[in-house]
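Shown next, in structure tokens, is the structure this report addresses.
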Amino acid sequence: MTHHHFSCSTHLLPPNELVSWLNAEGSLTAMLEVKAGQPLRVKRSFEGYRPLSITQKKQLGVQGAMLNRPMLAWVREVQLYGNDERPWVQAQSIFPLPSLTGRARRLQQLKGVPIGYVLFKRSRTLPNQRFIQLTADGWQRQTRYDWYGRKLLISEVFLPAFLSERA
Ligand SMILES: C=C(O[C@@H]1C=C(C(=O)O)C=C[C@H]1O)C(=O)O
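In my numbering, the protein residues as written are 180 to 346.
Structure representation (structure tokens):
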């Protein structure tokens with residue numbers, strides 16, 4: 180029997196300085212503003228309607244026959260800037276249309292306002308389920324939030340500039 184000794188590559192685990200950020204409960208905006216010592220700057224690269232992929236529907240908890248039904252969502256893709264000229268976080272937020280009712284309608288008119296200002300306005304933390312993985316762009320956390328019964332899917336990638344922060 181040949182024994183294969185696999186070296187535990189460091190890629191299986193995030194760097195120590197990222198672990199607390201990847202696992203943080205509560206608003207990432209608030210944490211980034213503390214680190215930056217200034218309000219977060221949001222640069223939008225896309226905002227609009229897109230059909231959800233099967234994977235995204237599964238991540239939002241859709242099951243059964245509904246998975247084969249076309250589902251539309253409002254999608255927002257941004258770069259988040261702290262106190263560096265390079266972005267710290269690349270984020271994609273997915274709001275299924277049924278989630279955009281009542282107070283959630285504001286999530287379509289945010290412009291440069293960070294989602295966190297709205298999402299965590301009344302509660303410091305929210306029920307959520309989180310998945311963490313390494314992507315080509317960096318370590319990513321995907322969080323499915325339950326915000327007053329509405330499901331939202333927010334993905335954030337911590338970019339190299341975030342880790343090389345000189346401060
Ligand atoms: C969800 C939050 O909002 C942040 C702000 C975002 C935006 O404005 O598009 C996107 C992802 C989050 O990092 C938060 O503060 O946790």
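The C-beta atom is built at its ideal place from N, Cα and C for all residues, glycine as well.
Note that the structure is predicted; figures quoted are calculated from it, not measured.
DSSP three-state call for Q235: helix, strand or coil?
-> helix
Helix, strand or coil at Y296 according to DSSP, with G and I counted as helix = helix
Separation of M245 from F299, as counted between CA atoms | 30 Å
Taking the CB atoms as reference points, tell me whether V336 and A283 lie closer together than 9 Å.
-> no
Assigned secondary structure, L219 (DSSP; H/G/I helix, E/B strand, else coil) | coil
Between the stretch 228 to 235 and the stretch 243 to 259, do at least 3 Cβ pairs fall closer than 8 Å?
-> yes
Going by the beta-carbon positions, is the gap between L197 and L342 smaller than 9 Å?
-> yes
Starting from W318, follow its DSSP beta bridges and name the residues at the other end.
-> L313, F337
Could you name each continuous beta strand (DSSP E) segment of 3 residues or more that falls completely within the stretch 235 to 268, going from the start of the chain to the end?
-> 251 to 260
Mark P249 as exposed unless 16 or more other C-beta atoms lie within 10 angstroms of its C-beta, in which case mark it buried.
-> The residue is exposed, with fewer than 16 neighbouring Cβ atoms inside 10 Å.
If you draw a straight line from the C-alpha of Y260 to the C-alpha of Q217, how long is it?
-> 10 Å
Since K330 sits in a beta bridge, which residues does DSSP pair it with?
-> In the DSSP assignment, K330 is bridged to D325.
Would the stretch 321 to 335 and the stretch 273 to 292 be scored as touching if the rule is three or more Cβ pairs under 8 Å?
-> yes
Can G295 and L239 be called in contact, C-beta distance under 9 Å?
-> no
Spatial distance of T304 from R323 (CA atoms) | 13 Å
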